[in-house]
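Participant: In full-length UniProt numbering, the protein residues as written are 1 to 251.
Glycine residues also receive a C-beta, built at the ideal position from the N, C-alpha and C atoms.
Quick one: the structure is below, questions incoming.
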């Protein structure tokens, strides 16, 4: 697999990646995919990644720095415990460039039935042959727990944690945000269908149908990113307002 890294020379340095992580964090929050809890990150190189500030993602201010975290080794001071999940993904999957730990509400509701979203429409096909379920509602507070969750995830784009949200991983920040939205939309459709399924079984897409539908052509990921991130003050061309707060950890 190709190792995904951030080309600091081409993109203007670590500050650009940190800004992109902030935009992604606020975008996830605005879309209703995270509330007080959640975090996202992007790979910096083979050994490190940048995680957003340890506060509600929707409240992360303009210019508020995240933290550089080693892929191997203890978490730096001030970094949330479940960032271990990010470490395990980056370590085991060199093709992954971005990770989000979120609390999408429909996905959460469905998971309490010990169910994960099925491929009933386009967005659900990106998780074929099915989203794995981590069947434990407890918070992830140890390396052993984190490793077990990510082993359950395998090579899928997502893992759902029963009553405790989801983890989504992708090659880019934009794809990670889009896939998190897709996961929640798939859960929304699944919950709608469950109310009727006793009398009319749902049409679940086959593996072949999923492979054909789960395309990235036609700027599918880019258009979803543009839609969800529109208006963020740190996007190019947007008018930025001064931040009212900043993280205590800086580069």
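Report the start-end ranges of each beta strand (DSSP E) in the stretch 94 to 131 that is 3 residues or longer and not cut off at the edges.
Facilitator: 98 to 102
Participant: Given residue 232, which residues of its chain have a CB within under 7 angstroms of its CB, disregarding the five upstream and five downstream residues?
Facilitator: Here residue 232 refers to the residue found at position 232 when the chain shown is read from its first residue. If we look at residue 232 and ignore the five residues flanking it on each side, its Cβ neighbours are 23, 26, 27 and 238.
Participant: Using CA coordinates, which residue listed in 192, 90, 199 and 20 is at the minimum distance from residue 146?
Facilitator: For the purposes of this step, residue 146 is identified with residue 146 of the chain shown, where counting begins at 1. Nearest C-alpha to residue 146: 90.
Participant: Mind checking which residues open and close the beta strand (DSSP E) that includes residue 43?
Facilitator: Against the chain shown, residue 43 aligns to sequence position 43. It spans 39 to 43 - the beta strand (DSSP E) in which residue 43 sits, taken as one unbroken run.
Participant: Is the beta carbon of residue 73 less than 8 angstroms from the beta carbon of residue 51?
Facilitator: Within the chain shown, numbered from 1, the residue matching residue 73 stands at position 73. Within the chain shown, numbered from 1, the residue matching residue 51 stands at position 51. The answer is no: Cβ separation not under 8 angstroms.
Participant: Is it buried or exposed, residue 80, if we count other Cβ atoms within 10 angstroms and call 16 or more buried?
Facilitator: Taking the chain shown and counting its residues from 1, one reaches residue 80 at position 80. A residue is called buried once 16 or more other Cβ atoms fall within 10 Å of its Cβ, and residue 80 is buried on that count.
Participant: Note down, in chain order, each residue of its chain lying with its Cβ closer than 7 angstroms to the Cβ of residue 60, except the 5 sequence neighbours on either side.
Facilitator: Sequence index remark: in the chain shown, residue 60 carries index 60 (1-based). Within the same chain, residue 60 has close Cβ partners 22, 25, 26, 52 and 53.
Participant: Counting beta carbon pairs with one atom in the stretch 104 to 115 and one in the stretch 42 to 50, are three or more of them shorter than 8 angstroms?
Facilitator: The stretch 42 to 50 makes no contact with the stretch 104 to 115, as fewer than three CB pairs between them are under 8 angstroms.
Participant: Do residue 103 and residue 39 have their C-beta atoms within less than 8 angstroms of each other?
Facilitator: Translated into positions along the chain shown, residue 103 becomes position 103. Translated into positions along the chain shown, residue 39 becomes position 39. No, the Cβ-Cβ distance between residue 103 and residue 39 is not below 8 angstroms.
Participant: Let me know the secondary structure DSSP gives residue 239 once reduced to three states.
Facilitator: The sequence position of residue 239 within the chain shown is 239, counting from 1. The pLDDT assigned to residue 239 is 42, lower than 50, so where the model puts this residue is not dependable; a value taken from the coordinates is nonetheless given after this. In this structure, residue 239 counts as coil in the three-state DSSP scheme.
Participant: Give the straight-line distance between the Cα atoms of residue 124 and residue 64, rounded to the nearest whole angstrom.
Facilitator: Translated into positions along the chain shown, residue 124 becomes position 124. Translated into positions along the chain shown, residue 64 becomes position 64. Rounded to the nearest angstrom, the two C-alpha atoms are 34 angstroms apart.
Participant: Please report the straight-line C-alpha distance between residue 160 and residue 30, rounded to a whole angstrom.
Facilitator: Here residue 160 corresponds to residue number 160 of the chain shown, with the count starting at 1. Here residue 30 corresponds to residue number 30 of the chain shown, with the count starting at 1. When rounded, the distance between both Cα atoms is 21 angstroms.
Participant: In chain order, what residues of the same chain lie with their CB nearer than 7 angstroms to the CB of residue 207, ignoring the 5 residues before and after it?
Facilitator: In the chain shown, counting from the first residue as 1, residue 207 sits at position 207. Taken in chain order, the residues that qualify are 128 and 129.
Participant: For the stretch 142 to 216, list the beta strand (DSSP E) runs that are entirely contained and at least 3 residues long, ordered along the chain.
Facilitator: 158 to 161 and 166 to 170
Participant: Residues in the same chain with beta-carbon distance under 8 angstroms from residue 85, minus the five sequence neighbours each way, listed in chain order, please.
Facilitator: Walking along the chain shown from the start, residue 85 turns up at place 85. If we look at residue 85 and ignore the five residues flanking it on each side, its Cβ neighbours are 99, 101, 140, 146, 149, 150 and 167.
Participant: Compute the minimum distance between the beta carbon of residue 39 and the heavy atoms of the ligand NAP, and state whether it is under 7 angstroms.
Facilitator: Absent from the structure shown: the ligand NAP. Ligands present: none.
Participant: How many Å lie between residue 55 and residue 78 at the Cα?
Facilitator: Working through the chain shown from its first residue, we reach residue 55 at position 55. Working through the chain shown from its first residue, we reach residue 78 at position 78. If you take the alpha carbons of residue 55 and residue 78, they lie about 10 angstroms apart.
Participant: Is the distance from the Cβ of residue 190 to the Cβ of residue 93 below 8 angstroms?
Facilitator: Within the chain shown, the letter at position 190 stands for residue 190. Within the chain shown, the letter at position 93 stands for residue 93. With respect to the 8 angstroms criterion, residue 190 and residue 93 are not classified as neighbours on the basis of their beta carbons.
Participant: In whole angstroms, what separates the C-alpha of residue 220 from that of residue 156?
Facilitator: In the chain shown, residue 220 corresponds to position 220, counting from 1. In the chain shown, residue 156 corresponds to position 156, counting from 1. For residue 220 and residue 156, the distance between alpha carbons rounds to 19 angstroms.
Participant: Mapping DSSP to helix, strand and coil, what is residue 21?
Facilitator: On the chain shown, position 21 is the one that residue 21 refers to. In this structure, residue 21 counts as helix in the three-state DSSP scheme.
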